[in-house]
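Visitor: Dumping the structure here so I can ask a few things about it.
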Amino acid sequence: MVQKSLKILASGNWIEKAPGQSWLFRVGHEGPEALAESYDYRLLLEPAALLSPGFRLDEAQASALRLAMETQLASPESSFDIREFQRLDLDFHGMVARGSANRFVGDALADHLKLRRLPGALHGVNVFRLKQSTREHLAILDQLEGKQFEAAADLMRLHLRLSRSQRPQAASRGAPVLPAAVGERTGR
Numbered sequence: 000m001v002q003k004s005l006k007i008l009a010s011g012n013w014i015e016k017a018p019g020q021s022w023l024f025r026v027g028h029e030g031p032e033a034l035a036e037s038y039d040y041r042l043l044l045e046p047a048a049l050l051s052p053g054f055r056l057d058e059a060q061a062s063a064l065r066l067a068m069e070t071q072l073a074s075p076e077s078s079f080d081i082r083e084f085q086r087l088d089l090d091f092h093g094m095v096a097r098g099s100a101n102r103f104v105g106d107a108l109a110d111h112l113k114l115r116r117l118p119g120a121l122h123g124v125n126v127f128r129l130k131q132s133t134r135e136h137l138a139i140l141d142q143l144e145g146k147q148f149e150a151a152a153d154l155m156r157l158h159l160r161l162s163r164s165q166r167p168q169a170a171s172r173g174a175p176v177l178p179a180a181v182g183e184r185t186g187r
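Numbering-wise (numbering that gives the first Met the number 0), the sequence shown opens with residue 0 and increments by one.
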């Protein structure tokens, strides 16, 4: 029973066999430094996956993802399903990994995605940013469906940079923040 559990954890890339009878937990995305390193890693590999000669989009999965993402975008913020967002996000990035014609890039991304499945990966991210991220996924899909791989890679870089920063000014660009003094003068 214990061996079976260890094999399941190893297949999920959460632990790895060490010399002898030891096992080591793999480093996850705990803390801001590890999360930043994860995004740096993805910034190197995900655009490369899209630009690998022979990249193939799984059109059936792309179509299903598009429908599910558009449905989720139509829901009000109060009923936005964060777990569904996480599933769609992992499926989207997994589709990119599987589409790469370079097996090493695809395998590296697939292994990294397993770490992103751990609980708490979206802790502290607001729904506005998650909806924005979904729109970014759809824009990348548009380019992939049009076989505009350079544009898709550029949008992927932007998407990953915005997701990494998760700053309010990045998430709400285009909507200026009113200084507190303005609201106070108008009595609002």
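Even glycine gets a Cβ: it sits at the ideal position worked out from N, Cα and C. Owing to the predicted nature of the structure, the values given are computational and were not obtained by experimental measurement.
#1: How many Å lie between Y38 and L159 at the Cα?
#2: Using 8 Å as the cut-off, can you tell me whether the region 141-152 makes contact with the region 78-90, which would need three or more C-beta pairs spanning the two stretches below that distance?
#3: Grab me the residues of L143's own chain with a C-beta within less than 6 Å of its C-beta, minus the 5 sequence neighbours each way, in chain order.
#4: Quick check on the burial criterion: 16 or more other C-beta atoms within 10 angstroms. Buried or exposed for A59?
#5: Classify D88 as helix, strand or coil using the three-state DSSP reduction.
#6: According to DSSP, simplified to helix, strand and coil, what is F54?
#7: DSSP three-state call for A150: helix, strand or coil?
#8: Using 8 Å for Cβ pairs, my map puts V208 next to E45. What's the rounded Cβ distance?
#9: Beta carbon of L197, beta carbon of R65: below 7 Å?
#10: Quick check on DSSP: helix, strand or coil for G93?
#11: Note down, in chain order, each residue of its chain lying with its Cβ closer than 8 Å to the Cβ of A61, except the 5 sequence neighbours on either side.
#12: Let me make sure I understand the geometry here. Which of S162, L154, K130 has the alpha-carbon closest to that of F79?
Guide: The short version:
#1: In the sequence shown, counting from the first residue as 1, residue 38 sits at position 39. In the sequence shown, counting from the first residue as 1, residue 159 sits at position 160. In a straight line, the C-alpha of Y38 is about 7 Å away from that of L159.
#2: These segments do not touch.
#3: Counting from 1 along the sequence shown, the entry for residue 143 is found at position 144. Closer than 6 Å at Cβ, skipping near neighbours: L56, A151.
#4: Along the sequence shown, read from residue 1 onward, the residue named residue 59 stands at position 60. Exposed, since its Cβ has fewer than 16 Cβ neighbours within 10 Å.
#5: Position 89 of the sequence shown holds residue 88. Helix.
#6: In the sequence shown, residue 54 corresponds to position 55, counting from 1. Looking at F54 - three-state DSSP - the assignment turns out to be coil, as it is neither helix nor strand.
#7: Counted from its first residue, the sequence shown places residue 150 at position 151. Secondary structure at A150: helix, using DSSP grouped into helix, strand and coil.
#8: Because the chain spans 0 through 187 in this model, residue 208 falls outside it and cannot be assessed.
#9: Residue 197 falls outside the range modelled here, since the chain spans only 0 to 187, and no answer is possible.
#10: Looking up residue 93 in the sequence shown gives position 94. Here G93 sits in helix by DSSP.
#11: The residue labelled residue 61 in the question sits at position 62 within the sequence shown. For A61, where only same-chain residues beyond five positions count, the Cβ hits under 8 Å are M94, L140, L143, E144.
#12: Here residue 79 is taken as the residue at index 80 of the sequence shown, counted from 1. Nearest C-alpha to F79 among S162, L154, K130: K130.
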